Amino acid sequence: MSAYMRDLFAFYGIKAGPRRELQRRAAAGLPAPSATDLDAIARTLWARAERECQYAACDHLRRHVKAVDAAFLPTAAMLVTTKAWWDTVDILAAHVVGPIVAADPASRAVVDGWLRSGDMWLARTAILHQLAYRDATDADWLFDACLHWAGSPEFFLRKAIGWALRAYSRTAPARVAAFVDAHRDELSPLSVREATKHLPPQAP
35 MSAYMRDLFA FYGIKAGPRR ELQRRAAAGL PAPSATDLDA IARTLWARAE
85 RECQYAACDH LRRHVKAVDA AFLPTAAMLV TTKAWWDTVD ILAAHVVGPI
135 VAADPASRAV VDGWLRSGDM WLARTAILHQ LAYRDATDAD WLFDACLHWA
185 GSPEFFLRKA IGWALRAYSR TAPARVAAFV DAHRDELSPL SVREATKHLP
235 PQAP
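Following this line, the structure appears as structure tokens:
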């Protein structure tokens, strides 16, 4: 497990299924956590060396995301930027930050700041936060975010752009195709390839 994650983290060596069963048993019979509880639990688990602890925190936040609101975004930013790697960042983006912003659109201003912060992982979080929005996606915001980082040499940002566009292409394929066509020279080949993966091939 550690080798797969480039030896960035220590692991207990517990696979996802048994880990989630342990989490379920640990939470059995406990009252639903408050926002304060979730903040404390996440921070405590994030401080542990073993990566499964961060996965458990992500799962717990995802399950109880309705208990938090925009006041949780500073903690989310800490989680995103501490022990940062795609495996936790992407869950936090789509399943914690995304629902918070959907419930409180004014909190998008915080995500706007992340997009332009210069921190790669906060920017990736911003690009991906609408991943599960489907029809509710703010396409103009998404396209602007993609163009903001289109010229970045960072693999994780190029991949995020392509992934976010690909997810939206399932809802609005024509809009994504038109965007990619209009900005093909600005987007990296990786972003274009990911964005168009599920689009019908264009006629020559």
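Under the numbering used here, read the sequence shown as residues 35 to 238, first letter to last.
Backbone N, C-alpha and C define an ideal beta-carbon position, used for all residues, glycine too.
Fair warning: this is a prediction, and the values are worked out from it, not measured in the lab.
Q) Would the segment 168 to 177 and the segment 125 to 135 be scored as touching if the rule is three or more Cβ pairs under 8 Å? A) no
Q.
For a test of the three-state rule: what should DSSP assign to residue 188, helix, strand or coil?
A. coil
Q. Which residues in the same chain as residue 176 place their Cβ atom closer than 7 Å to its Cβ, once the five residues preceding and following it in sequence are excluded?
A. Answer for residue 176: 164, 198, 202, listed in chain order.
Q. Of the choices 137, 116, 63, whose alpha-carbon is the least far from that of residue 99?
A. Of the listed residues, the one whose Cα sits closest to residue 99 is 137.
Q. Beta carbon of residue 80, beta carbon of residue 113: below 9 Å?
A. yes
Q: Please confirm if the segment 84 to 91 is in contact with the segment 38 to 56, defined as three or more CB-CB distances below 8 Å between the two stretches.
A: Contact between the segment 84 to 91 and the segment 38 to 56 is established, with three or more Cβ pairs separated by less than 8 Å.
Q: Could you please give the first and the last residue of the uninterrupted alpha helix (DSSP H) stretch that includes residue 88?
A: Where residue 88 is concerned, the enclosing alpha helix (DSSP H) stretches over 85 to 97.
Q: Look at the alpha carbon of residue 234 and the alpha carbon of residue 158, and state the distance between them as a whole number of angstroms.
A: Looking at the two C-alpha atoms, the distance is approximately 27 Å.
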